[in-house]
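Residue numbers (the numbering used here): 1 to 278.
What follows is a short report on a single structure.
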């Protein structure tokens, strides 16, 4: 297992801080539009590790068949996705200001746009895993040797299509498929335990034939290590225990921030907190 060196760790931490700043800016630009603030913040370290370190994906190889693929199955967390694409050069910083505006390319859920690095449209939950499975089968049949990385929400795991996909991925021995389950314990209208309890998610995934690892989803070293613990002929599921709204005192574990509108005063408070964020 290859561990991150100090320079790599610092790079990913700095990338994460920039992602949080972009999320704040886009949420403020959006005004009264819903920005799914909390669910974007819970995946920042995951998406930063993938985009700044792990994936073979950049602006120069965006049309190569051998590039890695990323799918944001929990599409409502697109603030983090757009921010990462901005940091690696796909989206211009000024374009982030158009988030959820008329005629924008950056809508409240991702819409496929290869020029901007957005591989797939994602709105309705439960589709991203199946898309990833198709890509992984294609990668193996064509011997393109790319990996697929997909982020699902824990609330999204209420969808039956997710569990059909779980069976299919292990059946086809897709060891080029990696999923993160963002386990922040909330969904739109309440806690997972109230709405549809997942119980022992790790045991479920193991029983479905997945190489399954459970981590702190905000610990960059743990994220990177988990991505290196792949097992031949098994897809890898990484259960990432996270905090919805991570990074800001007013939004952490506060499900109101699934949809809450960011005001100028709250934005200023968040900027102050971001300066001291580790």
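We treat Cβ as the ideally placed atom computed from N, Cα and C, and that holds for glycine.
From a predicted model like this one, the values you see are computed outputs, not experimental measurements.
Give me the Cα-Cα distance between residue i and residue j, rounded to the nearest whole angstrom.
i, j, result
"residue 18", "residue 87", "8 Å"
"residue 163", "residue 258", "25 Å"
"residue 166", "residue 264", "43 Å"
"residue 142", "residue 254", "45 Å"
"residue 77", "residue 37", "7 Å"
"residue 27", "residue 189", "20 Å"
"residue 92", "residue 182", "27 Å"
"residue 157", "residue 21", "29 Å"
"residue 100", "residue 193", "31 Å"
"residue 139", "residue 230", "17 Å"
"residue 180", "residue 45", "12 Å"
"residue 103", "residue 118", "17 Å"
"residue 64", "residue 266", "42 Å"
"residue 94", "residue 240", "32 Å"
"residue 136", "residue 175", "8 Å"
"residue 206", "residue 172", "15 Å"
Near residue i, which residues of its chain fall below 6 Å by C-beta distance, leaving aside the five closest residues on each side in sequence?
i, result
"residue 271", "none"
"residue 123", "75, 109"
"residue 169", "133, 177, 235"
"residue 40", "23, 77, 79, 80"
"residue 149", "50, 70, 178"
Leaving aside the five residues before and after residue i along the sequence, list all residues of the same chain whose C-beta is less than 7 Å from its C-beta, in chain order.
i, result
"residue 97", "29"
"residue 57", "67, 68, 70"
"residue 251", "37, 38, 41, 245, 257"
"residue 61", "67"
Along the alpha helix (DSSP H) that carries residue i, what are the first and last residues, could you check?
i, result
"residue 113", "It is not in any alpha helix (DSSP H) - residue 113 carries neither H nor E in the DSSP assignment."
"residue 69", "Segment 69-72 is the beta strand (DSSP E) holding residue 69; no alpha helix (DSSP H) there."
"residue 38", "37-41"
"residue 260", "First-last for residue 260: undefined, no H or E at that position."
"residue 231", "Per DSSP, residue 231 belongs to no alpha helix (DSSP H) and is neither H nor E."
"residue 14", "6-30"
"residue 192", "192-195"
"residue 55", "Where residue 55 is concerned, there is no enclosing alpha helix (DSSP H), given that its DSSP letter is neither H nor E."
"residue 93", "93-96"
Could you pull out every residue in the same chain whose Cβ sits closer than 8 Å to the Cβ of residue i, ignoring the five residues on either side in sequence?
i, result
"residue 3", "221, 224, 225"
"residue 9", "220, 221"
"residue 11", "52, 53"
Name the two residues that bound the continuous beta strand (DSSP E) containing residue i.
i, result
"residue 150", "148-153"
"residue 243", "No beta strand (DSSP E) holds residue 243; DSSP gives it neither H nor E."
"residue 183", "177-183"
"residue 214", "211-216"
Just to check, is the beta-carbon of residue i closer than 8 Å to a non-hydrogen atom of the ligand COA?
i, result
"residue 149", "Of ligands this structure carries none, so the ligand COA is not represented either."
Quick check: is the beta carbon of residue i nearer than 9 Å to any beta carbon in chain C?
i, result
"residue 40", "Although the question refers to chain C, the structure presented lacks it and comprises just one protein chain."
Is the stretch 42-51 in contact with the stretch 198-214, if contact means three or more CB pairs nearer than 8 Å?
Contact between the stretch 42-51 and the stretch 198-214 is absent, because fewer than three Cβ pairs lie under 8 Å.
Any chance the stretch 94-113 sits against the stretch 134-150, with 3 or more Cβ pairs inside 8 Å?
No contact exists between the stretch 94-113 and the stretch 134-150.
Would you call the stretch 122-138 in contact with the stretch 57-76, where contact means no fewer than 3 C-beta pairs closer than 8 Å?
Yes: the two stretches touch, three or more of their Cβ pairs being nearer than 8 Å.
At 4 residues or longer, and completely inside the stretch 122-149: list those alpha helix (DSSP H) runs for me, N to C.
Segments of the alpha helix (DSSP H) lying fully in the stretch 122-149: 128-142.
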